[in-house]
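Note sheet for the following structure.
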Amino acid sequence: MNAVEINGLTYTYPGADRPTLNNISLQIRQGDFLAVVGNNGCGKSTLCKVINGLIPHFITGTMEGQVQVGGLDTRENDISVLAQKVGYVYQDFENQIVRPTVLDDASYSCLNYGFTDYLDRGRAALSRCGLEGREEEYIWQLSGGQTHLLALAGAVSLSPDILILDEPIAQLDPMHADRIYEVLRELNTRYGKTIIVIEHHTEYIADYCSHVLLLKEGRAEWMLPVREALQRVEELEACNIFPPQVTQAARQLQKKGLLPADALLPTTVEEGISAFSRLRCHPGERSCPEASSGDPAVSFQGVSLAYRSVKGDPRVVFDDLNLTIRRGEKVALIGSNGAGKSTLMKMMVGLLKPNQGSISLLGSPIGEKKAEELSRQISLVYQNPEEMFIKDSIRSDIAYAMQVREIPGWRERTAELLERFRLTELQERDGRLMSGGQMRRASLAIGVALEPEILLLDEPTANLDIATRREIMAVLEDMKEIIHTAVIATHDMQLVCQWAERIIVLCQGRVVADGSRDEIFARPELAELVGIRPPEIFRMARHLDERAYCYTVDEFVRTQRKSISLGLFFKI
Numbered sequence: 003m004n005a006v007e008i009n010g011l012t013y014t015y016p017g018a019d020r021p022t023l024n025n026i027s028l029q030i031r032q033g034d035f036l037a038v039v040g041n042n043g044c045g046k047s048t049l050c051k052v053i054n055g056l057i058p059h060f061i062t063g064t065m066e067g068q069v070q071v072g073g074l075d076t077r078e079n080d081i082s083v084l085a086q087k088v089g090y091v092y093q094d095f096e097n098q099i100v101r102p103t104v105l106d107d108a109s110y111s112c113l114n115y116g117f118t119d120y121l122d123r124g125r126a127a128l129s130r131c132g133l134e135g136r137e138e139e140y141i142w143q144l145s146g147g148q149t150h151l152l153a154l155a156g157a158v159s160l161s162p163d164i165l166i167l168d169e170p171i172a173q174l175d176p177m178h179a180d181r182i183y184e185v186l187r188e189l190n191t192r193y194g195k196t197i198i199v200i201e202h203h204t205e206y207i208a209d210y211c212s213h214v215l216l217l218k219e220g221r222a223e224w225m226l227p228v229r230e231a232l233q234r235v236e237e238l239e240a241c242n243i244f245p246p247q248v249t250q251a252a253r254q255l256q257k258k259g260l261l262p263a264d265a266l267l268p269t270t271v272e273e274g275i276s277a278f279s280r281l282r283c284h285p286g287e288r289s290c291p292e293a294s295s296g297d298p299a300v301s302f303q304g305v306s307l308a309y310r311s312v313k314g315d316p317r318v319v320f321d322d323l324n325l326t327i328r329r330g331e332k333v334a335l336i337g338s339n340g341a342g343k344s345t346l347m348k349m350m351v352g353l354l355k356p357n358q359g360s361i362s363l364l365g366s367p368i369g370e371k372k373a374e375e376l377s378r379q380i381s382l383v384y385q386n387p388e389e390m391f392i393k394d395s396i397r398s399d400i401a402y403a404m405q406v407r408e409i410p411g412w413r414e415r416t417a418e419l420l421e422r423f424r425l426t427e428l429q430e431r432d433g434r435l436m437s438g439g440q441m442r443r444a445s446l447a448i449g450v451a452l453e454p455e456i457l458l459l460d461e462p463t464a465n466l467d468i469a470t471r472r473e474i475m476a477v478l479e480d481m482k483e484i485i486h487t488a489v490i491a492t493h494d495m496q497l498v499c500q501w502a503e504r505i506i507v508l509c510q511g512r513v514v515a516d517g518s519r520d521e522i523f524a525r526p527e528l529a530e531l532v533g534i535r536p537p538e539i540f541r542m543a544r545h546l547d548e549r550a551y552c553y554t555v556d557e558f559v560r561t562q563r564k565s566i567s568l569g570l571f572f573k574i
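Note that our numbering has the sequence shown beginning at 3, numbered continuously upward.
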């Protein structure tokens, strides 16, 4: 039985000169776990909004063809009927949370439908989504991962047969991401739900999904079993979809003749262990960067901070924190959701003041600095870039801080930044209407406009596809010559490994580790404690030899090629 049947679907947004979806026909079987992939603008979110009826009932446009879910035509049935067939969790899942307590929110949709057992339905949904026992908690007491599960529970409470999730782990640390997918797996296998995810993280697709649908320029290119789909490395990469690192490495090894050309490529570390069983890994040289000897850029002495709480005792974020970041350092702050990364950054720029202790910036207390002086010394680029746009054009946003301070040459400086961040052709666009990658570049340009000594970046690659993440990483690399000291809070371990010189690990407001990437990722107990995970290729190399340290596919393969001539890395 098919959960979704689509025949000849073509959809064009109002005012658009070409269709976003173009003659799509496909069937999704009941009980499938489907990943929808494709590059930005290919129509992934649009397709899912057609399936749940938002298009055409709330989002207008020109729609042709037929879409049926659970046997119901989406154009002939309104949203109230379709919502009981298809549950939807948006990428910005916080916007779906509408009630103050957990049970209130989980049962709210059922209350709206007039179900007399709405509270029982809410409790059952919370239990299925791993939130049993938190019914009476306020929503602001939840972590990011728990909030995402609550949004899912709100959809599950109506007992739909189909659940759609748009980028379900984009804002989550690996521990919470695993939890989301484990809940989805149980909903799929135990309760028979059809799961559809829009996902860029192919390692999760390999571990959890059954099929993959590739959209390309608004067309359904193919829908294949996941193992078969991930074998198409070159085709996926051409669409800016990058298979798991283990798969990429195996494909490159095939090209070098080190793996059989007709062998099935591994898609998980476990499969990689078997595929690479004839290879032997030499650990090579470990990187040991010297600690910076620069003067302190930011210093925390005995800092404690707690938020007042509506319910219960104040929430302590930091207690007697002592930490120094020195000039010239490139620092990554990592840790699970709620560890205090964003709070630490807000204290650095004076947005939050500690209850106890002191914070010094470039040698003097932050409390003694005026706002104008602070803004010239340190800049924070927010996790949600749209929060940095206050004007009606990117050019005006970038120029604003310089213009109001009457900085000489601000017009020329604005033009330089537009050029540097490849925004010249977009300069008259409203930043809030641009793509995710364009917004990130624009927010970075705003952040460096005043040439601050210290730049803080909060999750600069969140909610971006892999190709756009790589683009932002290249921009950060280019900025090393402008920014003397930089601190990034992130869950993106690839960014951490390729960019950071020093890694600070936070857990429940404490610094539990501080060192180089080799020092941090060599400690499995640390990963277990804070829910971080090194890149997949790092774990693959460590399985071959626990002394090995490879952070990228290129490192893995490049060192191997060297080993063929020198006999150092792999021996067959």
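Just so you know, even glycine gets a beta-carbon here, dropped at the ideal spot from N, CA and C.
Legend entry - F423 and A447 closer than 7 Å at C-beta: As a first step, residue 423 is located in the sequence shown; it is residue number 421 there, counting from the start. As a first step, residue 447 is located in the sequence shown; it is residue number 445 there, counting from the start. Here F423 is near A447, since their CB atoms are less than 7 Å apart.
Inset, instruction - Tell whether a beta-carbon distance below 7 Å holds between R504 and V333. - result: Your numbering for residue 504 matches position 502 in the sequence shown. Your numbering for residue 333 matches position 331 in the sequence shown. For R504 and V333, yes; Cβs fall inside 7 Å.
Legend entry - Cβ-based neighbour list, G147, same chain, cut-off 7 Å, excluding 5 preceding and 5 following: For the purposes of this step, residue 147 is identified with residue 145 of the sequence shown, where counting begins at 1. Same-chain partners within the cutoff: L174, H178, R181, I182 and N339.
Legend entry - Pair within 7 Å by beta-carbon distance, I166 and F35: Against the sequence shown, residue 166 aligns to sequence position 164. Against the sequence shown, residue 35 aligns to sequence position 33. Against a cut-off of 7 Å, the Cβ pair of F35 and I166 comes out as no contact.
Legend entry - Residue range of the unbroken alpha helix (DSSP H) whose run includes A1: Absent from the model: residue 1. The displayed extent of the chain is 3 to 574, so no value can be given.
Legend entry - F558 beta carbon less than 7 Å from that of A252: Position 250 of the sequence shown, counted from the start, is the residue given in the question as residue 252. Position 556 of the sequence shown, counted from the start, is the residue given in the question as residue 558. Going by C-beta atoms, A252 is not nearer than 7 Å to F558.
Inset, instruction - To the nearest angstrom, report how far apart N324 and L266 are at their CA atoms. - result: What you label residue 324 is simply residue 322 of the sequence shown in a count that begins at 1. What you label residue 266 is simply residue 264 of the sequence shown in a count that begins at 1. Rounded to the nearest whole angstrom, the C-alpha separation of N324 and L266 is 51 Å.
Inset, instruction - Would you give the residue range spanned by the beta strand (DSSP E) that I539 belongs to? - result: In the sequence shown, the residue the question calls residue 539 occupies position 537. Counted as a single uninterrupted DSSP element, the stretch harbouring I539 is not any beta strand (DSSP E) but the alpha helix (DSSP H) occupying residues E538 to L546.
Legend entry - Per-residue DSSP class, three states only, for R512: Here residue 512 corresponds to residue number 510 of the sequence shown, with the count starting at 1. Strand.
Legend entry - Uninterrupted beta strand (DSSP E) stretches inside the region 375-463 (no shorter than 3 residues): Taken in chain order, the whole beta strand (DSSP E) runs of length 3 or more contained in the region 375-463 are 380-383 and 456-460.
Inset, instruction - Please work out which residues of its chain come closer than 7 Å, Cβ to Cβ, to Y92, disregarding the five sequence neighbours upstream and downstream, and give them in chain order. - result: Locating residue 92 in the sequence shown gives position 90, where the first residue counts as 1. Apart from sequence neighbours up to five positions away, the residues of its chain that approach Y92 with a beta-carbon distance below 7 Å are Q98 and D168, ordered along the chain.
Legend entry - Three-state secondary structure (DSSP) of Q70: As a working mapping, residue 70 is identified with position 68 in the sequence shown. DSSP places Q70 in the strand class (E or B) of the three-state scheme.
Inset, instruction - Can you give me the start and stop residues for the alpha helix (DSSP H) that D180 sits inside? - result: On the sequence shown, position 178 is the one that residue 180 refers to. Counting along the chain, the alpha helix (DSSP H) containing D180 begins and ends at P176 to T191.
Legend entry - Paired residues, beta bridge with L28 - DSSP: Translated into positions along the sequence shown, residue 28 becomes position 26. Beta-bridge analysis with DSSP links L28 to I8.
Inset, instruction - For G352, collect the residues of the same chain with a Cβ closer than 6 Å to its Cβ; drop the 5 residues on either side in sequence, then sort them by chain order. - result: Taking the sequence shown and counting its residues from 1, the one referred to as residue 352 is at position 350. Setting aside the 5 residues that flank it on each side, G352 is surrounded in the same chain by I368 and L376, each with a C-beta closer than 6 Å to its C-beta; the list follows chain order.
Legend entry - Three-state secondary structure assigned by DSSP to S565: Taking the sequence shown and counting its residues from 1, the one referred to as residue 565 is at position 563. With a pLDDT of 42 at S565, under the threshold of 50, the modelled position of that residue is not reliable, and the figure given next carries that caveat. Assigned with DSSP and collapsed to three states, S565 falls in helix.
Legend entry - DSSP-derived helix/strand/coil call for Q148: Walking along the sequence shown from the start, residue 148 turns up at place 146. The three-state reading of DSSP puts Q148 in helix, counting H, G and I together.
Inset, instruction - Consult DSSP for P227 and reduce its assignment to one of helix, strand or coil. - result: The sequence position of residue 227 within the sequence shown is 225, counting from 1. DSSP places P227 in strand when its eight states are reduced to three.
Inset, instruction - Specify the secondary structure class of V38 as computed by DSSP and reduced to three states. - result: Taking the first residue of the sequence shown as 1, we reach residue 38 at position 36. Reduced to three states, the DSSP call for V38 is strand.
Legend entry - Distance between R471 and V235 (C-alpha atoms, nearest Å): As a first step, residue 235 is located in the sequence shown; it is residue number 233 there, counting from the start. As a first step, residue 471 is located in the sequence shown; it is residue number 469 there, counting from the start. If I take the Cα positions, the gap works out to 19 Å.
Inset, instruction - Would you kindly work out how many angstroms separate the C-alpha atoms of Y90 and L84, rounded to a whole number? - result: Counting from 1 along the sequence shown, the entry for residue 90 is found at position 88. Counting from 1 along the sequence shown, the entry for residue 84 is found at position 82. Approximately 11 Å, taken between the alpha carbons.
Legend entry - Run of the beta strand (DSSP E) containing N324, from where it starts to where it stops: Against the sequence shown, residue 324 aligns to sequence position 322. Run containing N324: R317 to R328, per the beta strand (DSSP E) assignment.
Inset, instruction - Tell me the start and end of each unbroken alpha helix (DSSP H) in the region 229-281 that is at least 4 residues and wholly inside, in chain order. - result: Fully enclosed alpha helix (DSSP H) runs of 4 or longer: 235-240, 247-257 and 271-277.
Inset, instruction - Specify whether the region 238-245 and the region 58-65 touch according to this definition: at least 3 beta carbon pairs, one from each stretch, less than 8 Å apart. - result: Verdict: no, contact absent.
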